[in-house]
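In what follows, a single structure is set out as structure tokens and then discussed.
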Amino acid sequence: MTAGAGATAREPTTTDAAGPVLQVADLAVSFSTERGLLRAVRGMSYEVRSGEVLGIVGESGCGKSVSALAVMGLLPTSARVSGSVRFRDRELLGLDDPQLSAIRGKGISMVFQDPLSAFTPVYTVGAQIAEAVRVHTETSRDQAARRAAELLDLVGIPDATRRARAFPHEFSGGMRQRAMIAMAIANDPEVIIADEPTTALDVTIQAQVLDVLRTAQQATGAAIVMITHDLGVMAGVADRLIVMYAGRPAEVGSVDQVFHAPRMPYTLGLLGSLPRLDAAAGQPLTPVEGAPPSLVALPPGCPFAPRCPLQVGVCVEVEPGLDPTSASDHLAACHRSDEIEAGALGPADVFPVPPPVEPPIAAIPREERPVVLEVRELVKSFPLTRGALLRRRVGTIHALDGVSFDLREGETLALVGESGSGKTTTVNEILALAAPMAGSVVVLGRETSTLETSTRKETRRDLGMVFQDPSASLDPRMPVGDILAEGLRAHGVAKGQRRRRVGELLGLVGLDAGHVSRYPHEFSGGQQQRIAIARALALDPKVIVLDEPVSALDVSIRAGVVNLLQRLKAELGLAYLFVGHDLSLVRHVADRVAVMHLGRIVEIGAVERVFGDAAHPYTRALLSAVPLPDPRRERVRRRIVLEGELPSPLDPPSGCRFRTRCPLFVAVEPERRQRCVDEDPMGRPQGEDHLAACHHAELRNRG
Amino acid sequence: MVRFLLRRFVGYLVLVLIATCLGYLLAASSLDPRSNFEGRNPPPPPESVDRVLSDLNINDKTPVLERFATWMGGVVRGDFGRTIGGEPVLDEMGRRIGVSLRLLLLASILGGALGVLVGVVGAVKQYRFSDHATTLFSFVTLATPVFLLAVLLKLGALQLNRAAGTTILYYTGEATPGLQGSWWQLAVDRVQHLVLPTLAIVLAQAAFYSRYQRNAMLDVLGSDFLRTAQAKGLRRRQALLKHGLRTALIPMATFFAYQFGLLLTGATFVEKIFGWHGMGEWFVDAVNGNDVNVVAAVTVFAAALVLVAGMLADLAHAALDPRVRIR
Ligand code: SF4
Ligand code: SF4
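Chains as they are written, first to last, in my numbering: chain D, 76 to 778; chain Y, 1169 to 1495.
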């Protein structure tokens, strides 16, 4: 049951004569827990060759990271590991720490997810990379330090010799991830395992890091095992894919096979639940109901059966093996994969798709609908202070610098942009319902700066809020009923009425009204977010601020929550202010979008306009960095990779704040550039409901 | 970095000054040296009591601020006044500081080192026998009041001496009074006296530190950077020492420095029980004896120690955590 017979490498960088460098067979990992034996990995087999990229996708808890740590021998001693991991011709399972440490970092190296915590805070980045060099080869300190600087230079860190002397916390997230890659390739490894290397990075940085990973692979010729929960990223990166579910592969094949001819319902569900940048808005996503099973005491049969619309009798009795489909190198673990193939079933054929919902108000032209939230020339700055005993001001961070937009009834306005662009500050300023530093915020016709205590409370009723992480925003000591009733009580709703409303709310978000006395931890992540949405709805608000409402959720669960939000908006006539970094999702949910950069809105307008014919070079770069879940299109796509990172908001560049990274600035004639340097661009109309703040937006196709 | 330390130093200095003033005012207003004389039989004539008290600048008939000004004037010139017995405070303090240092310097260092070691072992072997054993040791020790611990040690030494048939461990004083002999014999005698009180302090300190170190180390053990260190090829032990312990020591350094500062005046019980005439003992005796000038001097000393400890802590922190240096 090896999954690598006849690799279909995208570019034949290897000859078949060269055997696989890493072979994993029947790998199983279990942990004993208080609730019983947790079988984290239940039989995983794969092989990778030099120059090949193997992708492993799956949701949290599916065993993908555990299997990688098992290969590295880095699991805690409490883990029981069986099967076989062969590196070249050497069996790794069962080796002791000294033997393994000779291979780790040299034969097989690893790039970890969160690179801030993955670097030791008290040593410089350069020293940590040099250490990796010196562990494996006799090198003098100087030589190792020079090598570290070279490696940092290779992964695109400017001024590498100097930056090598910086500490991890002085690097930005993207730079740290580059440094992490530099460390991983320090000893020319034959295999690089990258565990969620781009998670939590902004799209533009993600694109850069993926590029660096490619460069690193070219420099070392290594095989890459890339692990991620983001199926979309894989399309442009991997040669072959393993989709994992409940501790074992559910489907294995080349990227084209998996993306274009999936044979297993879970893969179909994942693909269908992905919002796509290149799809028209409005069509609901295919949700996969339910949640992944617990790996303690897994019932017999197919682990996906409880969520599978194609489930038949045999599914709950016999767990399907990972068997070849009609193509021998395309394997699927499903009793009905033949039928899926014969019927050429797609996601929408397998999973019930809710009918599209159109809010009745959408029939009324936008200009005639009432404005529910208006932000005018909003300004916010923070003093930057130094010193412990005597604080002194060393500068001012202009977090928001003249932000204006309006939100009308029944529509969704999305705020997008990289971290540090001011999205969250905007939301916080609105939610504060206080007088802003400058500019104004008007909620349902009321200026926040003029609110009295009583009217502020009134206004708060009209403004709901859903945060990113439901487990953090729900009080774990309160039963769900109380969580939902809290706001009602604060606004003086009578007891009997409260109870009725709570039941109603639970029904509204698709939860069982009988669950009122349960505590948040008894619910899955998706259900918790539904509770948070119900809480936001409790007082019948007109506007709901959604701050990354689904980004903490697993992919298959997201679609259900997104569909719910869309339905609620239509049924209740809500307006959403949606803050998000996932542009594909924004494309799917938003009616209008505002692109923020360094405390400014650089482009705003109807989503079809902004995404379909982006006028600002920054928007264009953002969009081009978003991976498409489509390997064929990914291959022919031209990407605008932004150089460098967001400039410091302490001291933004003169004129146009984007000019230090602007590809159009580089492309236009020098005499035009001068204008970018001298003059701060204002928003200019680019068509109906479409503004962009760029002097040369008309020349955008050059950038 | 230097500016950072300098700023901290100024900060500490202000704190020391405030503590000194408050300490003096508190001692001067709450202690009643006059009662020492009134209890005598026959009572000395009030005029002569007044004279003696005024002479020592502890007469409660002088306004307290005036006494404070006089005292402060002396302190600035390095004169801490005289004890109620008429000796210069400074001379006695010098002697006492020496005694305390001889006892506590070694004990603190050993206690800290042992605590770190025990904590690290406990963390690395979490939930195994050595962890349970060290946890038990530290909780029992922490739950035992120091004076009980000291008395128990004394009893243990008694048994030991009896079993050996000769005195191996002494439990009173710093040295055998009047002992004559070579420097070697004198040194051995001092060590024999030192063991018990040192042990009492070491055990208490180690138990205390080990709990903190264990927690700090556990945090680090679960950290991603330790895994990274191993992933690049360091052996587990190397990774633990170079990346784990180093990081886990940072919070301990601060802690250790302050603890030492407090200990110098806080080892009262141990000094009392083992008959060492150090600062802790002096302070308690002075409070009992209404010796205002001594109490004030000890307060100044304690405050100064906190200053030194704070600076040490900052230095140690900067040495271990280079991120501080570039601030
Ligand atoms: S085996 Fe059955 S339940 Fe499992 S995925 Fe296939 S059809 Fe669905
Ligand atoms: S104004 Fe100039 S620098 Fe700014 S985005 Fe447009 S072309 Fe680029």
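Even for Gly, the Cβ is constructed at its ideal location relative to N, Cα and C.
Check: Could you tell me which of D/317, D/722, D/651, D/302 sits nearest to residue 487 of chain D, measuring between CA atoms?; Outcome: D/651
Check: On the CB-based measure, 16 or more other CB atoms within 10 Å of its CB, does residue 530 of chain D come out buried or exposed?; Outcome: exposed
Check: Does the separation of the CB atoms of residue 1191 of chain Y and residue 1455 of chain Y fall below 8 Å?; Outcome: no
Check: Out of D/627, D/616, D/638, which one is the CA nearest neighbour of residue 584 of chain D?; Outcome: D/638
Check: Say the cut is 7 Å; is the CB of residue 445 of chain D nearer than that to a heavy atom of ligand 2?; Outcome: no
Check: Got a sec: is the Cβ-Cβ distance from residue 464 of chain D to anything in chain Y below 8 Å?; Outcome: In this predicted model, residue 464 of chain D has a pLDDT of only 48, less than 50, meaning its place in the structure is not dependable enough to derive any value.
Check: What are the start and end residues of the alpha helix (DSSP H) that includes residue 1300 of chain Y?; Outcome: 1297–1311
Check: Considering only heavy atoms of ligand 2, does any lie closer than 7 Å to the CB of residue 173 of chain D?; Outcome: no
Check: So what does DSSP say about residue 212 of chain D, is it helix, strand or coil?; Outcome: coil
Check: Going by the C-beta, is residue 339 of chain D closer than 7 Å to any heavy atom of ligand 1?; Outcome: yes
Check: Counting only Cβ pairs nearer than 7 Å, list the residues of chain Y close to residue 180 of chain D.; Outcome: 1399, 1400, 1401
Check: Name the one or two DSSP bridge partners that residue 121 of chain D has.; Outcome: D/99
Check: Checking contacts by CB at 8 Å: is residue 1256 of chain Y closer than that to chain D?; Outcome: no
Check: Assign residue 1334 of chain Y to one of three DSSP states: helix, strand, or coil.; Outcome: coil
Check: Apply the 10 Å Cβ neighbour rule to residue 788 of chain D and answer buried if 16 or more other Cβ atoms are within range, or exposed otherwise.; Outcome: Outside the shown range of chain D (76 to 778) lies residue 788 of chain D, about which nothing can therefore be said.
Check: For residue 557 of chain D, which residues of its own chain have a beta-carbon under 6 Å away from its beta-carbon, when the five flanking residues on both sides are left out?; Outcome: none
Check: Which of helix, strand or coil does DSSP assign to residue 135 of chain D?; Outcome: coil
Check: Is the CB-CB distance between residue 279 of chain D and residue 717 of chain D below 8 Å?; Outcome: yes
Check: So which residues on chain Y does residue 194 of chain D lean against when the C-beta distance must stay under 8 Å?; Outcome: 1393, 1396
Check: Suppose you measure from the CA of residue 64 of chain D to the CA of residue 539 of chain D; what does that come to, to the nearest Å?; Outcome: Only positions 76 to 778 of chain D appear in this structure, which leaves residue 64 of chain D out of reach.
Check: What distance in whole Å lies between the Cβ atoms of residue 186 of chain D and residue 239 of chain D, which are believed to be in contact at a cut-off of 8 Å?; Outcome: Not quite, the Cβ-Cβ distance comes to about 18 Å (not below 8 Å), so this is no contact.
Check: Pick from D/267, D/490, D/443, D/113: whose alpha carbon is nearest that of residue 322 of chain D?; Outcome: D/113
Check: Taking the alpha-carbon of residue 1442 of chain Y as reference, which of Y/1183, Y/1316, Y/1201 has the nearest alpha-carbon?; Outcome: Y/1316
Check: Could you check if residue 596 of chain D is buried or exposed, using at least 16 other CB atoms within 10 Å of its CB as the buried criterion?; Outcome: exposed
Check: With a threshold of 7 Å on Cβ separation, who are the neighbours of residue 382 of chain D within its own chain once the five nearest residues in sequence on each side are excluded?; Outcome: 363, 364, 365
Check: Please list the residues of the stretch 1483–1494 of chain Y that have a C-beta atom closer than 8 Å to any C-beta atom in chain D, keeping them in chain order.; Outcome: 1488, 1489, 1490, 1491, 1494
Check: Grab me the residues of residue 292 of chain D's own chain with a C-beta within less than 6 Å of its C-beta, minus the 5 sequence neighbours each way, in chain order.; Outcome: 299
Check: Is any non-hydrogen atom of ligand 2 found closer than 7 Å to the C-beta of residue 731 of chain D, if you look at the structure I gave you?; Outcome: yes
Check: Hey, out of Y/1448, Y/1286, Y/1465, Y/1277, whose CA is closest to residue 1366 of chain Y's CA?; Outcome: Y/1277
Check: Distance, Cα to Cα, residue 434 of chain D vs residue 648 of chain D?; Outcome: 7 Å
Check: For ligand 3, list every residue whose C-beta falls under 5 Å from any of its heavy atoms, going in chain order.; Outcome: As presented, the structure is devoid of ligand 3, carrying ligand 1 and ligand 2 as its sole ligands.
Check: Rounded to the nearest angstrom, what separates residue 1240 of chain Y and residue 1212 of chain Y at their Cα positions?; Outcome: 30 Å
Check: Identify every residue that forms a DSSP beta bridge with residue 525 of chain D.; Outcome: In DSSP, residue 525 of chain D forms no bridge with anything.
Check: Along the stretch 359–380 of chain D, where does the CB come closer than 8 Å to a CB of chain Y? Name the residues.; Outcome: none
Check: Straight-line CA distance for residue 1292 of chain Y to residue 1395 of chain Y?; Outcome: 14 Å
Check: How many Å lie between residue 1439 of chain Y and residue 1446 of chain Y at the Cα?; Outcome: 6 Å
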